[in-house]
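Asker: First to last, the sequence lines map onto chains H and V. If you want the numbering used here, it's the 1-based position in the first sequence plus 483. If you want the numbering used here, it's the 1-based position in the second sequence plus 10. For each residue, glycine too, the CB sits at the ideal point set by N, CA and C. What you are looking at is a predicted structure, and each value in this text was computed from that prediction instead of being measured. Quick one: this structure, given as structure tokens, is what I'll be asking you about.
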Amino acid sequence: MSKIFDVPLYAYTRSPDQDEGMPVRHPVVIIGAGPVGLATAIDLAQQGIKTVILDDNDRVSFGSRAICFAKRPLEILDRLGCGEAMVKRGVQWDTGKVFFDTRQVYEFSLTEEEGHKNPAFINLQQYTFEQVLVERIREMQADGAPIEIRGRNKVEAIGQHDDHVKLEVETPEGSYTIEADWLVACDGANSPTRRMLGLDFDGQVFEDNFLIADVVMKADFPSERWFWFDPPFNRGQSALLHKQPDNVWRIDLQLGRDIDKEREKRPENVVPRLKAMLGDDAEFNLEWVSIYTFQCCRMDRFRHGRTLFAGDSAHQVSPFGARGANSGLQDADNIAWKLKLVLDGKAPETLMDSYNIERVHGADENILNSTRSTEFITPKSEMSRILRDAILDLSAHHEFAQPVVNSGRLSVPCTYDGSMLNSADALAAPDLTRPGSPCPDAPLGDDHLLDKLGNDFVLLTIDADAPESFEENGVAASRLALSVRDDPSLTLKRQYLGDAPSGVYLIRPDQHVAARREAFDEPHFRAALRRATGKE
Amino acid sequence: MSDKLILSPNLNNADGFFDALARAHDGLEKSTSDAFNARLIFLLANHIGDNEVLDEALTAARNSGHYR
Ligand SMILES: Cc1cc2nc3c(=O)[nH]c(=O)nc-3n(C[C@H](O)[C@H](O)[C@H](O)COP(=O)(O)OP(=O)(O)OC[C@H]3O[C@@H](n4cnc5c(N)ncnc54)[C@H](O)[C@@H]3O)c2cc1C
């Protein structure tokens, strides 16, 4: 049976651009049909921006890569029209077990936040994830959305100009040139765009190798996440067992820095380790084995003139905490509405600098978290190891030590504190929803708050008066009028008001809070809208 | 400068605690002792809880060592 990653999903077809004498200019060209390029394109096209994706390949990501997708990306995907499809195909575990050396130290169960539509995360193979995104693009195309994926279109050269970018593209039928007002480089960790523009990848924190094995279990096996510190079958390193859909389990074995990759990959070396993990009587088929090398680093800046870097091309983290694709989707979320305003002439080009500032902040948070996890998992000094082992020993006896155990922190959304798009906080309400924060979800009858936000600016009023909409320099914000009574669980009140009697929130198209205040004060919210669109 | 960390005498049985701590290490290998100390630090830190107090304690420990 052929695997999904063996089948062309967007086969090469000749584009009329290839037969033009002059290079055709597009508003946005995206390089790379990975999770980040696909999501960025959907977001832009959903807002009516004509978007072309170029990919050197014609199918989903080869083999096994990301498997864990957190809540915020699922919320973003809801806005892009395919979150529910992802959740439906994904699986979840609810019990986690932590092992240290030869024994289990503790077990925990997952707690969901009440009132949120999406689970804390799902496990889903990256190739399925990409396939769902491509299906969404096909559905949008059927509805006439201006979005195009060009398979086997490899970008070979890039020329940066003041107001556009020129691309030389290689195809099976020869090369052609196109131009873009804006280029979004989503071309992955080895980003050829980065190389072609002569830009560096800075701040490498560490480098590590991982053996990735997917196994299909022949019998029932518990839906649990198992994490080992320093197990006998992988001394001094870590091991992780995770469930994926279709009876497939993922095993990650950390291998350290200097290893013989070819040797480690051989089934005769892999299978005994897996048996030691899974138990001698576990019967399984080895479906996929590969070795990945990770780094922790980011580019100095994510905007270079008319080129924006997003996803792995801009930043890379260790796999602990599942932050790669998850943070890349937040890049996409941040780019699309801003580009739309700039292309429509409703915001200055400098609005794109806020993309750089906000997402560099996000990348730094991810790098910090994954570096801390790495330090806990593979302590670098003798004393770090003593401290780490002390916490693991304590965790077997005392609950307080369990949250200190760090086997990777599931990515939580980034709050854009200090962003130039935020207005000063003018409401005495919980920190959770301060300016810069992504809006937390809340139940509204059969519906959810986040499904009512997004794509445009929203003025959320909770027990407060305001006009139905207002417009500032061509950008409109329309009102969503709610009352704490709309949510008997009081999640809305707890998150958005606290002890305040009422609240008015200006919410960006990416569902981040731009400003908040107790009542609608027109000059204040007009200024906030100007500020949120880079005009103050 | 410490604002929150108590640096005046506060142990209600100073000699007793010193003795109990020294005794706890009696006959232990260096590595077992180190592990014991580490567990003790975390137990005490969790009891304190307040990050500002803990930060001040880290600073006070750093600044009161005897360096040659
Ligand atoms: C083993 C492993 C486990 C992981 N687990 C997780 C996880 O659980 N959760 C998570 O969030 N992340 C995880 N990640 C990270 C995740 O896979 C990446 O962060 C994600 O794929 C990045 O997406 P991207 O779209 O930026 O880049 P990519 O997925 O790398 O896509 C880049 C695309 O650009 C195309 N391209 C490159 N050069 C050119 C060119 N010259 N012309 C045209 N096209 C080009 C490539 O063909 C490719 O399709 C994991 C990664 C690995 C390896």
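1) Three or more C-beta pairs closer than 8 Å, one from the region 803-819 of chain H and one from the region 554-561 of chain H: is that the case here?
2) Is H:R855 helix, strand or coil when you go by DSSP?
3) Report the rounded CA-to-CA distance for H:Y493 versus H:D538, giving the unit in angstroms.
4) Starting from H:F883, find everything on chain V with Cβ-Cβ shorter than 7 Å and list it in chain order.
5) Give the C-beta separation of H:R756 and H:F716 to the nearest angstrom, bearing in mind that I take them to be a contact with Cβ-Cβ under 8 Å.
6) Quick one: does V:D44 have its CB under 8 Å from some CB of chain H?
7) Any C-beta of chain V within less than 7 Å: which residues of the region 850-879 of chain H qualify?
8) Does the region 943-950 of chain H come close enough to the region 901-912 of chain H to have 3 or more Cβ pairs within less than 8 Å?
9) Which ranges does the beta strand (DSSP E) cover as unbroken runs of at least 3 residues, wholly within the region 497-573 of chain H, from first to last along the chain?
10) At least one CB of chain H closer than 8 Å to the CB of V:R72: is that the case?
11) May I have a chain-ordered list of the alpha helix (DSSP H) segments no shorter than 4 residues that lie completely inside the region 608-692 of chain H?
12) Skipping 5 residues on each side, what residues in its chain have a beta carbon closer than 8 Å to that of H:K744?
13) Terminal residues of the continuous alpha helix (DSSP H) containing H:G807?
14) Could you spell out where the alpha helix (DSSP H) holding V:R72 opens and where it closes?
15) How big is the Cα-Cα spacing for H:L650 and H:N636?
16) Quick one, which of H:A998, H:R749 and H:Y610 has its alpha-carbon nearest H:R572's?
17) Below 6 Å CB to CB, which residues in the same chain sit around H:A709 once its five sequence neighbours on both sides are set aside?
18) With 16 other CB atoms within 10 Å as the buried threshold, where does H:M505 fall?
19) Following the continuous beta strand (DSSP E) through H:Q778, name the residue where it begins and the one where it ends.
20) Using CA atoms only, rank isn't needed, just tell me which of H:G957, H:L973 and H:S952 is closest to H:L963.
21) Cβ-heavy atom distance between H:R806 and ligand 2 below 7 Å?
22) Determine the burial state of H:S796: buried for a count of at least 16 other Cβ atoms within 10 Å of its Cβ, exposed for fewer.
23) Using the Cβ count rule (16 or more neighbours within 10 Å means buried), how would you classify V:H76?
24) In terms of alpha-carbon separation, which member of H:E954, H:R749 and H:V958 lies closest to H:P831?
25) Run down chain H in chain order and give the residues with a C-beta less than 8 Å from the C-beta of V:A49.
26) Should H:A549 be counted as a contact of ligand 1 given a C-beta to heavy atom distance under 7 Å?
27) For H:G807 and H:A549, what's the separation of their Cα atoms in angstroms?
28) Straight-line CA distance for H:Q529 to H:E613?
29) Pop quiz: H:C669 and H:G845 are said to be a contact at Cβ under 8 Å. What is the actual Cβ separation, rounded to whole angstroms?
30) Quick check: the region 675-682 of chain H against the region 628-646 of chain H, are at least 3 beta-carbon pairs closer than 8 Å?
31) Round the Cβ separation of H:F803 and H:I860 to the nearest angstrom and send it over; I've been treating them as touching at under 8 Å.
32) Can you pull the chain H neighbours of V:F52, defined as C-beta to C-beta under 7 Å?
33) Heavy atom of ligand 1 less than 7 Å from the Cβ of H:Q587, yes or no?
34) Return the residue from the list H:K1018, H:V543, H:Y988 and H:Q994 that minimises the CA-CA distance to H:E1005.
35) When DSSP labels each residue in this structure, what does H:A998 get in the three-state scheme?
36) Spatial neighbours of H:E590 within its chain, please: CB distance less than 8 Å, with the 5 preceding and 5 following residues excluded, ordered by chain position.
Answerer: According to the structure shown:
1) yes
2) helix
3) 9 Å
4) N56
5) 5 Å
6) yes
7) I869, L870, D872, A873, I874, D876 and L877
8) no
9) 507-514, 534-537 and 551-553
10) no
11) 609-625 and 675-679
12) N692 and I774
13) G807 to L826
14) N61 to N73
15) 11 Å
16) H:Y610
17) Per the sequence shown, residue 709 of chain H should be read as Trp rather than Ala. These residues qualify, in order along the chain: K580 and L724.
18) exposed
19) F767 to Q778
20) H:S952
21) Annotation note on ligand 2: not contained in the displayed structure, which lists ligand 1 as its ligands.
22) buried
23) exposed
24) H:V958
25) Reading the sequence as shown, one finds Arg at residue 49 of chain V and not Ala. The answer, in chain order, is A873, D876 and L877.
26) yes
27) 8 Å
28) 18 Å
29) Going by Cβ atoms, the distance from H:C669 to H:G845 rounds to 16 Å, so no, they are not a contact pair.
30) yes
31) 7 Å
32) A873, I874, L877 and A884
33) no
34) H:Y988
35) strand
36) T578, G579, K580 and V581
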